[in-house]
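Asks: Questions regarding the structure given below will be posed in turn.
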């Protein structure tokens with residue numbers, strides 16, 4: 002009887018741990034990163050940690066695990082890293098702070114381009130999770146997908162408890178453009194959750210401020226949820242949808258000095274693109290914008306550019322005023 006009780010207790014604890022943010026997957030294939038790691042090491046224990054995300058991907062491409070993967074990242078600073086990630090296997094792949102880390106691991110771009118680019122999703126569920134990390138001094142932090150849906154479309158990703166600070170054209174450079182587009186850019190990226198993150202100082206220069214957003218959901222990036230985040234010092238609209246990026250749910254967020262024209266806006270090019278519809282902006286707190294007072298929501302372009310809408314472009318409800 003005692004043995005049975007112990008077994009049941011152990012099973013219960015595993016179930017609870019599996020539902021907690023940052024909890025380790027019991028059967029996950031684990032890789033370890035540390036600021037003083039060695040990319041030639043095995044990477045499968047804290048004592049043989051790798052240094053870079055690029056080396057972690059190379060390890061996975063060589064070994065091809067078929068189940069869940071946890072990339073455990075130790076506290077400290079990781080300078081100048083940038084990776085184009087292509088490894089997915091249909092199972093969850095998590096980039097998470099090592100449990101018990103006193104401070105979030107910091108990826109410091111030192112003026113570089115993009116921290117993490119996801120390509121090769123082939124319009125499938127890629128199931129990446131980013132949790133408990135800090136990303137700073139990049140042109141862009143996360144770039145998931147591209148205009149090529151069949152090649153790079155993706156879905157089912159989670160961005161949670163992250164800090165994105167000092168991202169944009171004021172802080173990084175890229176050959177893609179003289180100004181930045183976002184801290185997080187989604188293209189053909191669907192059904193993702195972006196929750197409980199901090200976005201601080203996401204900025205271009207004044208002339209190009211309208212181009213930068215904390216979260217930019219473009220080109221059919223539909224069904225995404227943006228909940229419980231804090232946005233501060235964003236000199237473009239904090240959340241922007243574009244080109245039939247439908248059914249975006251934005252709820253329970255706080256906007257402080259965030260937005261050039263609105264906290265949440267929809268825009269599209271009139272030649273070949275369509276307005277997004279089904280956006281919901283519920284129970285958010287919106288203070289003044291970056292430059293002046295702003296609207297909570299805003300749409301640009303003709304509602305009927307691609308025919309009659311089936312849903313409103315953005316529905317707003319229960320917005321609270323803030324500082």
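Numbering (the working numbering), first residue to last: 2 to 324.
Positions of the beta carbon are idealized from the N, C-alpha and C atoms, including for glycine.
Go through the segment 83 to 111 residue by residue and report every complete run of the beta strand (DSSP E) that reaches 3 residues or more, in order.
Replies: Segments of the beta strand (DSSP E) lying fully in the segment 83 to 111: 84 to 86 and 94 to 98.
Asks: How about the segment 273 to 282 and the segment 230 to 249: do they share at least three Cβ pairs that are nearer than 8 Å?
Replies: Output reads yes: the segment 230 to 249 touches the segment 273 to 282.
Asks: Got a sec? Which residues, its chain only, sit under 6 Å from residue 56 by beta carbon, not counting five neighbours each side?
Replies: Only 40 meet the Cβ criterion.
Asks: In or out: residue 100 buried (at least 16 other Cβ within 10 Å) or exposed?
Replies: So residue 100 ends up on the exposed side.
Asks: Go through its chain and collect everything with a Cβ distance to residue 316's Cβ below 6 Å, but skip five positions before and after it.
Replies: So the list reads 281, once near-sequence residues are dropped.
Asks: Got a sec, what are the start and stop residues for the beta strand (DSSP E) residue 281 sits in?
Replies: Unbroken beta strand (DSSP E) run through residue 281: 280 to 283.
Asks: Between which residues of its own chain and residue 286 is the CB-CB distance below 8 Å, once the five residues before and five after are set aside?
Replies: So the list reads 254, 255, 256, 320, 321, 322 and 323, once near-sequence residues are dropped.
Asks: Kindly list the residues whose CB is nearer than 7 Å to the CB of residue 16, restricted to its own chain and excluding five residues on each side of it in sequence; keep chain order.
Replies: Legend: pLDDT at residue 16 = 43, less than 50; position of this residue unreliable, value from coordinates given subsequently. Nothing listed; no residue qualifies.
Asks: If residue 269 sits next to residue 237, beta carbons under 8 Å apart, how far is it from one beta carbon to the other, in whole angstroms?
Replies: At roughly 16 Å, the Cβ-Cβ gap does not stay under 8 Å, so residue 269 and residue 237 are not in contact.
Asks: Could you name the residues that DSSP lists as bridge partners for residue 233?
Replies: BP columns for residue 233 point to 201 and 257.
Asks: Nearest by alpha-carbon distance to residue 98: which of 124, 176 and 71 is it?
Replies: Considering only alpha carbons, the answer is 71.
Asks: Please name the residue in 213, 193 and 204 whose C-alpha comes closest to that of residue 250.
Replies: Comparing Cα positions, the closest option is 193.
Asks: Going by DSSP in three states, residue 135 sits in which element: helix, strand or coil?
Replies: Correct three-state label for residue 135: strand.
Asks: With a CB to CB cut of under 6 Å and the five nearest residues on each side skipped, what residues in its chain are close to residue 290?
Replies: Hits under 6 Å: 260.
Asks: Express the C-alpha separation of residue 205 and residue 307 in angstroms, rounding to a whole number.
Replies: Answer to the nearest angstrom: the Cα atoms are 31 Å apart.
Asks: If you reduce the DSSP assignment to three classes, tell me which class residue 150 lands in.
Replies: Looking at residue 150 - three-state DSSP - the assignment turns out to be helix.
Asks: Please report the straight-line C-alpha distance between residue 78 and residue 88, rounded to a whole angstrom.
Replies: Going by the C-alpha atoms only, they are around 24 Å apart.
Asks: For residue 223 and residue 258, which I take to be in contact (beta-carbon distance under 8 Å), what is that distance rounded to the nearest angstrom?
Replies: No, residue 223 and residue 258 are not in contact; Cβ-Cβ is about 29 Å, not under 8 Å.
Asks: So what does DSSP say about residue 156, is it helix, strand or coil?
Replies: Residue 156 falls in the strand class under three-state DSSP.
Asks: What did DSSP end up calling residue 45 once you bin it into helix, strand or coil?
Replies: Here residue 45 sits in coil by DSSP.
Asks: Can you say whether residue 130 is buried or exposed, counting buried as having 16 or more other CB atoms within 10 angstroms of its CB?
Replies: Flag for residue 130 reads buried.
Asks: Look up residue 212 in the DSSP assignment and say whether it is helix, strand or coil.
Replies: Correct three-state label for residue 212: helix.
Asks: Could you round the C-beta distance between residue 44 and residue 60 to whole angstroms and report it? I think they count as a contact, below 8 Å.
Replies: Sure, about 5 Å apart at Cβ, within 8 Å.
Asks: By the DSSP assignment, the alpha helix (DSSP H) with residue 59 in it spans what residues?
Replies: Residues 54 to 64.
Asks: Going by other Cβ atoms of all chains shown within 10 Å of its Cβ, with 16 needed for buried, is residue 278 buried or exposed?
Replies: Buried, by the Cβ-count rule.
Asks: With a threshold of 7 Å on Cβ separation, who are the neighbours of residue 304 within its own chain once the five nearest residues in sequence on each side are excluded?
Replies: 276, 310 and 314, listed in sequence order.
Asks: Looking at residue 213: is its Cβ nearer than 9 Å to the Cβ of residue 167?
Replies: For residue 213 and residue 167, no; Cβs fall outside 9 Å.
Asks: Figure out for me which residue from 30, 81 and 299 has the closest Cα to the Cα of residue 54.
Replies: It is 81 whose Cα lies nearest to the Cα of residue 54.
Asks: Residue 67 by DSSP, collapsed to three states: which one?
Replies: Residue 67: coil per DSSP, three-state reduction.
Asks: Can you check DSSP and say which residues form a bridge with residue 141?
Replies: DSSP lists 115 as partners of residue 141.
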